[in-house]
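Visitor: In the numbering used here, the protein residues as written are 1 to 468.
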Ligand code: FAD
Ligand code: ZN
């Protein structure tokens, strides 16, 4: 092993590695503290050629390696739980090109999402991927997880925002697919294999991204609705008024508002009366977006789809309404233990799903506190439960049982057990219960084709055949 490490260190030079456990420590624990890893060596390459050299050595010596971007993943995919070498892409953080006419941006994969958003904004354009972790997560991680977020309704998931990729294969060969062409039907679209592959098929070193026109006007409202069914009616009604300009449609339950006001500094309820459910709506587009939203809200209030609403009158107000939605995960974390599910079901089935799955979890654990929120416009709910006060340990002991109850109901509704966070370590062993034998066979065959030595993020995403 020491000879392999010596070769790896030589491949990246003095600045490109550390064995100092103090420096490695922040890379070993993820945001929720659920997975704790260990690693003897953190590699920090500065170029594609260095990544290629690293993987060639790892492949030859059968040394397992875990790619990591901003370490914000929520399913443990980026954590070296078996003591693997860590490969951080964070030094590869340059914007390589911004093509204003073609509306594309090419970046190294360690570039932080917020940096890409700002660069697009400075050029009077928009990169629409938007996540609460955008200040830390990287484009490589966003691609490897096919990230979603709050604007999927309008712009799609990360997959729809990628035009080209540069990928280093497990044996060190480089796939040069960094095209910016909007149209390219020249055979299999190989880049798609790596989008959502969670670092198990190749290491993404650069990406060419689609940019969009900046909306001239953005309007945001926080709307009280009596039920998820009413929220769904509001979605149809907003689509009618907004044309193609509906940007976000996020469901927020009352308990989330309470938790945010309790745990997050300077937060308050923007509406006078309490409501069991809320929706955050954003319309963005040509001038007059504000008027269109106002008309839609008046119509919804008249028809009793909504019971109250507040519209942001300034960018600062819009941001503070968004902060309520984006602080829910953090507030829930500060409240104590929780069991979370990132699921999707067909949009029309959301109210029935919430009713059935909530009742089933409460039957199992009567004190559990449902905190169901998220991207209603995509049928994607963060179907979370906080522990009853003071019962964190007893509640967490039910993790597996509660997860099965929820995911089985998701399956009954023809939904997905991972809408946007991926499979990683957390859901890997669940996949055989919810995916067909045929799909799993093809997944395993692809893993064996791209990574025959099983060195790339082993033990993640693809359910076992290869054992560590
Ligand atoms: P990491 O966490 O470092 O890695 C994630 C996975 O990608 C791992 O499997 C890793 O091995 C692999 N990987 C990373 N970089 C590369 C690379 N260059 N090549 C190959 N594989 C690579 N996600 C959503 O989809 N929607 C949300 O709304 C959302 N909100 C979040 C809010 C908070 C507060 C937090 C903490 C997380 C949230 N996430 C969300 C999850 C997370 O931010 C995303 O999954 C993000 O895309 C991960 O990017 P990262 O750079 O941090 O990747
Ligand atoms: Zn989300």
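All C-beta atoms in this analysis are idealised placements derived from N, C-alpha and C, irrespective of residue type, glycine included.
(1) Where residue 256 and residue 400 are concerned, what is the direct C-alpha to C-alpha distance, given to the nearest angstrom?
(2) Per the DSSP calculation, residue 125 is bridged to which residue(s)?
(3) Can residue 250 be considered in contact with the ligand FAD, in the sense that its beta carbon sits closer than 6 Å to one or more heavy atoms?
(4) Where are the beta strand (DSSP E) runs, 3 residues long or more, that stay fully inside the segment 8 to 71, in chain order?
(5) Which of helix, strand or coil does DSSP assign to residue 84?
(6) With DSSP collapsed to three states, give me the class of residue 408.
(7) Going by beta-carbon coordinates alone, are residue 205 and residue 166 separated by less than 7 Å?
(8) By how many angstroms is the C-alpha of residue 224 removed from the C-alpha of residue 59?
(9) Can you check which of these residues, 176, 369, 54, is closest to residue 385 by C-alpha distance?
(10) Along the chain, where does the alpha helix (DSSP H) containing residue 269 start, and where does it finish?
(11) For residue 151, name the three-state secondary structure that DSSP assigns.
(12) Name the DSSP beta bridge partners of residue 308, please?
(13) Any contact of the segment 113 to 121 with the segment 137 to 150, i.e. 3+ C-beta pairs under 8 Å?
(14) What's the C-alpha gap between residue 197 and residue 228?
(15) Among residues of its own chain, excluding the 5 on either side of residue 20, which ones have a beta-carbon nearer than 7 Å to its beta-carbon?
(16) Runs of 4 residues minimum, wholly inside the segment 431 to 455: which ones carry the alpha helix (DSSP H) assignment?
(17) Would you kindly work out how many angstroms separate the C-alpha atoms of residue 468 and residue 459, rounded to a whole number?
(18) Looking at residue 198 and the ligand FAD, is the gap between the Cβ and the nearest heavy atom below 6 Å?
(19) For residue 356 and residue 447, what's the separation of their Cα atoms in angstroms?
(20) Reducing DSSP to helix, strand and coil, say where residue 194 ends up.
(21) Taking all protein chains shown into account, decide if residue 210 is buried (16 or more other Cβ within 10 angstroms of its Cβ) or exposed.
(22) Is residue 78 near the ligand FAD, going by C-beta to nearest heavy atom under 6 Å?
(23) Based on DSSP bridge pairs, tell me the residues matched to residue 138.
(24) Looking only at C-alpha atoms, which of 396, 73, 376, 296 sits nearest to residue 279?
(25) Count the other CB atoms, across all protein chains shown, that sit within 10 Å of the CB of residue 12; report buried if there are 16 or more and exposed otherwise.
(26) Please name the residue, chosen from 250, 15, 432, that lies closest to residue 234 on a Cα-to-Cα basis.
(27) Within the present structure, is the beta-carbon of residue 132 separated from the nearest heavy atom of the ligand FAD by less than 6 Å?
(28) Count the CB pairs spanning the segment 341 to 350 and the segment 398 to 415 that are closer than 8 Å, and state whether there are at least three.
(29) Can residue 100 and residue 120 be called in contact, C-beta distance under 7 Å?
(30) Answer yes or no: the CB of residue 67 versus the heavy atoms of the ligand FAD, is any distance below 6 Å?
(31) Do residue 58 and the ligand FAD come close, with the Cβ less than 6 Å from some heavy atom?
(32) For the ligand FAD, I want to know if residue 195 counts as a neighbour, meaning its beta carbon is within less than 6 Å of at least one of the ligand's heavy atoms.
(33) Are the Cβ atoms of residue 312 and residue 301 separated by less than 7 Å?
(34) Starting from the C-beta of residue 373, find all residues in its chain whose C-beta is less than 8 Å away, skip the five residues before and the five after it, and write them out in chain order.
(35) Just the Cα atoms here: how many angstroms apart are residue 96 and residue 315?
Guide: In short, the structure shows the following:
(1) 24 Å
(2) 213
(3) no
(4) 65 to 68
(5) coil
(6) helix
(7) yes
(8) Rounded to the nearest angstrom, the two C-alpha atoms are 55 Å apart.
(9) Checking every option, the nearest Cα to that of residue 385 belongs to 369.
(10) It is not in any alpha helix (DSSP H) - residue 269 carries neither H nor E in the DSSP assignment.
(11) coil
(12) 224
(13) yes
(14) 33 Å
(15) none
(16) Along the length of the segment 431 to 455, whole alpha helix (DSSP H) runs at least 4 residues long occupy 431 to 434, 437 to 450, reported in chain order.
(17) Because residue 468 sits at a pLDDT of 36, beneath the cut-off of 50, its placement in the model cannot be relied upon, and the following sentence gives the value as read from the coordinates. Spanning the two alpha carbons is a distance of roughly 7 Å.
(18) yes
(19) Cα to Cα, the separation comes out at about 37 Å.
(20) Helix at residue 194.
(21) Classification of residue 210: buried, given that the 10 Å Cβ count is 16 or more.
(22) Residue 78: yes, Cβ under 6 Å from the ligand FAD.
(23) For residue 138, which the question treats as bridged, DSSP gives the partners 112.
(24) 376
(25) buried
(26) 250
(27) yes
(28) yes
(29) no
(30) yes
(31) It does not: the Cβ of residue 58 is nowhere closer than 6 Å to a heavy atom of the ligand FAD.
(32) no
(33) no
(34) 250, 251, 252, 253, 256, 325, 328, 381, 382, 384
(35) 31 Å
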